[in-house]
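Protein chains in written order, with our numbering: chain C, 1 to 156; chain L, 1001 to 1156; chain E, 2001 to 2156; chain W, 3001 to 3156.
We treat Cβ as the ideally placed atom computed from N, Cα and C, and that holds for glycine.
Note that the structure is a prediction, hence the values are computed from the model and not measured.
Just below is one structure, and these are the notes that go with it.
4 protein chains.
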Amino acid sequence: MPHSLLPEDPDFATRVRRSFDAQQVMHTLGASLQRVEPGEIAIVLPFASHLTQQHDYLHAGVVATIADSACGYAAMTLTPPGLDVLTVEYKINLLAPAQGETFVAVGSVLRRGRLLTVCRGDVLATSNGREKAVATIQATIITLERELATRARAPA
Amino acid sequence: MPHSLLPEDPDFATRVRRSFDAQQVMHTLGASLQRVEPGEIAIVLPFASHLTQQHDYLHAGVVATIADSACGYAAMTLTPPGLDVLTVEYKINLLAPAQGETFVAVGSVLRRGRLLTVCRGDVLATSNGREKAVATIQATIITLERELATRARAPA
Amino acid sequence: MPHSLLPEDPDFATRVRRSFDAQQVMHTLGASLQRVEPGEIAIVLPFASHLTQQHDYLHAGVVATIADSACGYAAMTLTPPGLDVLTVEYKINLLAPAQGETFVAVGSVLRRGRLLTVCRGDVLATSNGREKAVATIQATIITLERELATRARAPA
Amino acid sequence: MPHSLLPEDPDFATRVRRSFDAQQVMHTLGASLQRVEPGEIAIVLPFASHLTQQHDYLHAGVVATIADSACGYAAMTLTPPGLDVLTVEYKINLLAPAQGETFVAVGSVLRRGRLLTVCRGDVLATSNGREKAVATIQATIITLERELATRARAPA
């Protein structure tokens, strides 16, 4: 494992899972953590008809939600205990209509910083056993003391 | 009204409202169209606890969903009848935690093209009567014949 | 002037002009500061044949360079003395080929933060007396102590 | 080679090199094509003092120029003869100050479309024999008939 991906918190996976479980929207979407590794997260989401756009594909906003979350939690795997993460911004390309039975968003840390972490991610759809990329994301994540992250103020 | 914002379809508002209503995810989120004008759309979303992240604010993915949709529908107000729109990509900055009772995403057409339209948008939160910007988005939308937009292929 | 645009450093314009003059690339491009105001900067660049792409328009990279710089310096107008700024990231849409005699990039602060500032900008081309938007940018700028900004390390 | 990276034009490298040579700005920067392969381009740029920002590093605008060009030409390797490419938009993260003796921008096609191609790229700096990532880009490129690309109108 490259030095830049060594977790500072041996309990990083517990911390990530606890935070994810506290996100009500993930229950609403039916998303769950598939994989929690140092610097990399996979979130899985089965297709569901309450999440569609006008052509009955998964809405791009839902695709972006799991892509962004995979990036944010990938960053969190590498933060020290007691620190929280917030997405500063991201850019996403929607590569194809999100058609499929299952969607997996994989986010990875590209550059880890004390304050800012840059992540990349991809969302893959599986349809009749065939996998296809439906989105790709590039995101900037900020690491903050928990108190700052919970106060109703700007990320920085 | 500047020439670039003259709608080609006098029934643009009906078309936008019909497409919006067909998006199941909007019902799941509790979002609705607040305003449909040539080149500009406002989507309103009341806070709801099934949409939160780990600190009980609105999840950034939900903020992005209404921001992106406001941009896409703003583009659709200017397309000829029978054509559909898809988001090619967007970039969003999350300016502050999405805390508030009500969220309004306003999307406007910045540059209208035959094929590609560029939009900007802002999401404002209202909390105890005070309004605050929580996100800003820049999006590229493609106009496609309906048949292309519904086929399970890439946007272009 | 809104409170958020009050400069902390009365000498902000001197500081911005000094930093701009120290950018050798601006001399190479022939760019200069047209306007330095609290929260807003305009950079002007005359067309020059050593800056073109394959169709003899201004290269998009040059357009982006003045757009990004206008955003960065707009942020710097609001930082306390002794602090420096760095661009964390930006996203730019190229709206039209950069054809014209003169190009002006205007960058403005959209949200000022202690650490991160979000700016928007536009690049306008003037051709035969007619003005046209050729690019639009959204950028995230970080404020750093000068020592950090000059060290050969990541922005944060 | 994956099917999606098979070039339609056996002479793609000649076409890319001819277009690159016609970009005056590349001569001004001192940039050259290091590698031209189906779906991937590398552009190399030696450090030069006429390209610096205020701390004597390479200006971010120059970094972005070679990153964007590497993406655009990567897309062009896969277009049919007679078609041209234009950058619709890109997003770049600046990961570290651009300090070094040599800079290499590598752009690759992530998703090839008939009309829109999505590319990713990285810029690496080499300083005293050590390589370091200084930027990462995600770009959307449009393929156009040459006539459209040279007319003074919007990319689409």
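Query	Result
Among W:Ser3127, W:Tyr3090, W:Thr3126, W:Gly3107, which has the Cα closest to the Cα of valine 3036 of chain W?	W:Gly3107
Kindly indicate which residue of C:Gly61, C:Asn93, C:Pro97 has the alpha-carbon position closest to the one of leucine 1051 of chain L.	C:Gly61
Determine whether the Cβ of leucine 2078 of chain E lies closer than 7 Å to any Cβ atom of chain W.	no
Where does aspartate 122 of chain C fall in DSSP's three states?	strand
Go through its chain and collect everything with a Cβ distance to alanine 3064 of chain W's Cβ below 6 Å, but skip five positions before and after it.	Ile3092
Would you verify that the beta carbon of leucine 2045 of chain E is, or is not, closer than 7 Å to some beta carbon of chain W?	no
When you compare only the Cα positions, how much space is there between glutamine 99 of chain C and glutamine 2023 of chain E?	49 Å
For chain W, find out if any of its Cβ atoms is closer than 7 Å to the Cβ of threonine 1140 of chain L; answer yes or no.	yes
Exposed or buried, arginine 2018 of chain E, counting other C-beta atoms within 10 Å across all chains shown (16 or more means buried)?	exposed
Of all the options E:Met2076, E:Tyr2057, E:Ala2042, which has the alpha carbon lying nearest to the alpha carbon of threonine 2140 of chain E?	E:Met2076
Could you please tell me which residues of the region 3058–3083 of chain W, in chain order, have their CB closer than 8 Å to any CB of chain E?	His3059, Ala3060, Gly3061, Val3062, Ala3064, Thr3065, Ile3066, Asp3068, Ser3069
Taking a cut of 8 Å between CB atoms, which residues from the region 2085–2114 of chain E lie near chain W?	Leu2086, Thr2087, Val2088, Glu2089, Tyr2090, Lys2091, Ile2092, Asn2093, Leu2094, Leu2095, Ala2096, Pro2097, Gln2099
Phenylalanine 2103 of chain E by DSSP, collapsed to three states: which one?	strand
Does leucine 2005 of chain E come out as helix, strand or coil in the three-state DSSP assignment?	helix
Starting from tyrosine 2073 of chain E and walking both ways along the alpha helix (DSSP H), at which residues does that stretch end?	2060–2076
With 16 as the cutoff for other CB atoms within 10 Å, does histidine 3059 of chain W come out buried or exposed?	buried
Assuming contact is defined by CB atoms lying nearer than 7 Å, are threonine 3143 of chain W and valine 3085 of chain W in contact in what I supplied?	yes
Determine whether the beta carbon atoms of alanine 2105 of chain E and valine 2123 of chain E lie at a separation below 7 Å.	yes
To which residues does DSSP link tyrosine 90 of chain C through a beta bridge?	C:Ala139, L:Ile1092
Alpha carbons only, please: which of L:Lys1132, L:Gln1034, L:Glu1101 is nearest the one belonging to serine 1069 of chain L?	L:Gln1034
How would you write the range of the beta strand (DSSP E) that serine 19 of chain C sits in, first residue to last?	Premise fails: serine 19 of chain C lies in the alpha helix (DSSP H), 12–21, not in any beta strand (DSSP E).
Within the same chain, show all residues whose beta-carbon is closer than 8 Å to that of valine 3016 of chain W, passing over the 5 residues directly before and after it, in chain order.	Leu3033, Val3036, Ile3041, Tyr3073, Met3076, Thr3077
Going by DSSP, what residues sit across from arginine 3111 of chain W in a beta bridge?	W:Val3118
Taking just the CA atoms, how far does aspartate 1021 of chain L sit from serine 3127 of chain W?	56 Å
Which chain W residues are close to leucine 2051 of chain E, counting only those with a beta carbon under 8 Å from its beta carbon?	Gln3024, Val3025, Thr3028
In chain order, what residues of the same chain have a beta carbon less than 8 Å from the beta carbon of leucine 2116 of chain E, not counting five sequence neighbours either side?	Val2088, Thr2140, Ile2141, Ile2142, Thr2143
With a cut-off of 7 Å, does the C-beta of proline 3123 of chain W fall near any C-beta of chain C?	It should be pointed out that residue 3123 of chain W corresponds to valine in this sequence rather than to proline. Cβ-Cβ to chain C under 7 Å: no for valine 3123 of chain W.
Would a check of beta-carbon distances place valine 1134 of chain L closer than 7 Å to chain E?	no
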